[in-house]
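Colleague:
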Amino acid sequence: ELKVEQNPLFLSMQEGKNYTIYCNYSTTSDRLYWYRQDPGKSLESLFVLLSNGAVKQEGRLMASLDTKARLSTLHITAAVHDLSATYFCAVDMVGGPGTASKLTFGTGTRLQVTL
Amino acid sequence: ETGVTQSPTHLIKTRGQQVTLRCSSQSGHNTVSWYQQALGQGPQFIFQYYREEENGRGNFPPRFSGLQFPNYSSELNVNALELDDSALYLCASSRPGLNTEAFFGQGTRLTVV
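Chains A and B, in that order, are what the protein sequence lines are. Under the working numbering, read the first sequence as residues 1 to 115, first letter to last. Under the working numbering, read the second sequence as residues 1 to 113, first letter to last.
#1: In three-state DSSP terms, what is Asp38(A)?
#2: At what residues does the beta strand (DSSP E) containing Ala63(A) begin and finish?
#3: Is the CB-CB distance between Pro39(A) and Ile21(A) below 9 Å?
#4: So that I know if they touch, is there some Cβ in chain B lying closer than 9 Å to that of Leu49(A)?
#5: Please determine if the region 4-18 of chain A and the region 35-53 of chain A are in contact, where contact requires at least 3 C-beta pairs separated by less than 8 Å.
#6: Mind checking which residues open and close the beta strand (DSSP E) that includes Gly107(B)?
#7: Less than 8 Å between the CB atoms is what I'm expecting for Gln106(B) and Ser64(A), so what's the real figure, rounded?
#8: Short of 8 Å in beta carbon distance, which residues of its chain neighbour Leu103(A), apart from the five on each side in sequence? Order them along the chain.
#9: Is Arg31(A) buried or exposed, if buried means 16 or more other CB atoms sit within 10 Å of its CB?
#10: Any C-beta of chain A within less than 9 Å: which residues of the region 78-107 of chain B qualify?
#11: Closer than 9 Å, CB to CB, is Ser72(A) near chain B or not?
#12: What is the C-beta distance between Gln44(B) and Gly58(B), in whole angstroms, given that I count them as a contact (C-beta under 8 Å)?
#13: When we look at the beta-carbon of Val113(B) and count the other beta-carbons within 10 Å, is it buried (16 or more) or exposed?
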């Protein structure tokens with residue numbers, strides 16, 4: 001059974017600081033996604049990582065994937081208050097032919113950026 | 001191009017009742033997946049529908065069932081509701097192809113009392 005673990009579960013950081021969220025998963029997968037969720041809202045796709053060594057950046061967020069270590073990281077640079085949300089990583093389960101993603105989500109990291 | 005839409009947005013049901021949640025997939029998407037997100041947890045995969053047939057199921061009992069229609073829209077039915085079924089139910093649609101990205105709707109918040 002695929003297990004996905006994130007740490008930390010809760011992160012309080014000051015504006016302007018840097019930090020990294022870690023996502024470990026238990027079985028082989030080449031596809032990993034990062035989502036953002038605001039309270040009471042749905043999931044917003046941030047990054048899709050499709051191969052070992054993939055690195056993607058958008059604004060103050062950068063995500064990377066190491067499939068050998070079964071590890072993905074989401075790095076936050078110079079945090080701002082607007083980044084406060086819950087962040088989930090999700091690993092794609094192996095599907096059959098012609099099938100779309102079936103995701104196993106981590107527990108989420110609740111990020112609070114303080115002034 | 002319209003996104004994934006779900007209805008209703010909120011729902012309150014009594015334990016033991018049955019509920020139907022609806023999802024319209026994004027234009028051009030033929031696969032629909034359903035997820036349950038309990039408060040404070042990550043979403044859990046319920047099942048996926050492709051070409052009107054179930055195409056994979058998570059660890060959910062048979063009282064969770066679904067349908068997909070020829071226009072690719074989908075329903076999630078839950079019978080004999082339990083208090084623990086209270087959650088945000090998310091629908092995601094995907095384009096044809098192997099392991100294509102899932103796009104999520106806004107969700108239906110179900111409360112069972």
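Heads up, the beta-carbon is just placed ideally off N, CA and C, and yes, glycines get one too.
Modeller: In short:
#1: As a working note, residue 38(A) is residue 38 in the first sequence. DSSP places Asp38(A) in coil when its eight states are reduced to three.
#2: Against the first sequence, residue 63(A) aligns to sequence position 63. It spans 61-66 - the beta strand (DSSP E) in which Ala63(A) sits, taken as one unbroken run.
#3: As a working note, residue 39(A) is residue 39 in the first sequence. As a working note, residue 21(A) is residue 21 in the first sequence. For Pro39(A) and Ile21(A), no; Cβs fall outside 9 Å.
#4: Position 49 of the first sequence, counted from the first residue, corresponds to residue 49(A). No, Leu49(A) does not count as interfacial toward chain B.
#5: The region 4-18 of chain A is not in contact with the region 35-53 of chain A.
#6: As a working mapping, residue 107(B) is identified with position 107 in the second sequence. Premise fails: Gly107(B) is in no beta strand (DSSP E) and is neither H nor E.
#7: Counting from one through the second sequence, the residue named residue 106(B) turns up at place 106. Counting from one through the first sequence, the residue named residue 64(A) turns up at place 64. Between Ser64(A) and Gln106(B) the Cβ distance is about 30 Å, and since that is not below 8 Å, they are no contact.
#8: Mapped onto the first sequence, residue 103(A) falls at position 103. The answer, listed in chain order, is Tyr33, Ala90, Val91, Asp92, Met93.
#9: For the purposes of this step, residue 31(A) is taken as residue 31 along the first sequence, with counting starting at 1. Looking at its Cβ environment, which holds 16 or more other Cβ atoms inside 10 Å, Arg31(A) is buried.
#10: When C-beta distances to chain A are compared with 9 Å, the residues of the region 78-107 of chain B below that value are Leu88, Leu90, Ala92, Ser93, Ser94, Arg95, Pro96, Gly97, Leu98, Asn99, Thr100, Glu101, Ala102, Phe103, Phe104, Gly105, Gln106, Gly107, in chain order.
#11: Locating residue 72(A) in the first sequence gives position 72, where the first residue counts as 1. No, because no Cβ of chain B sits closer than 9 Å to the Cβ of Ser72(A).
#12: The residue given as residue 44(B) occupies position 44 in the second sequence. The residue given as residue 58(B) occupies position 58 in the second sequence. 6 Å between Cβ atoms; contact.
#13: Position 113 of the second sequence, counted from the first residue, corresponds to residue 113(B). Result: exposed.
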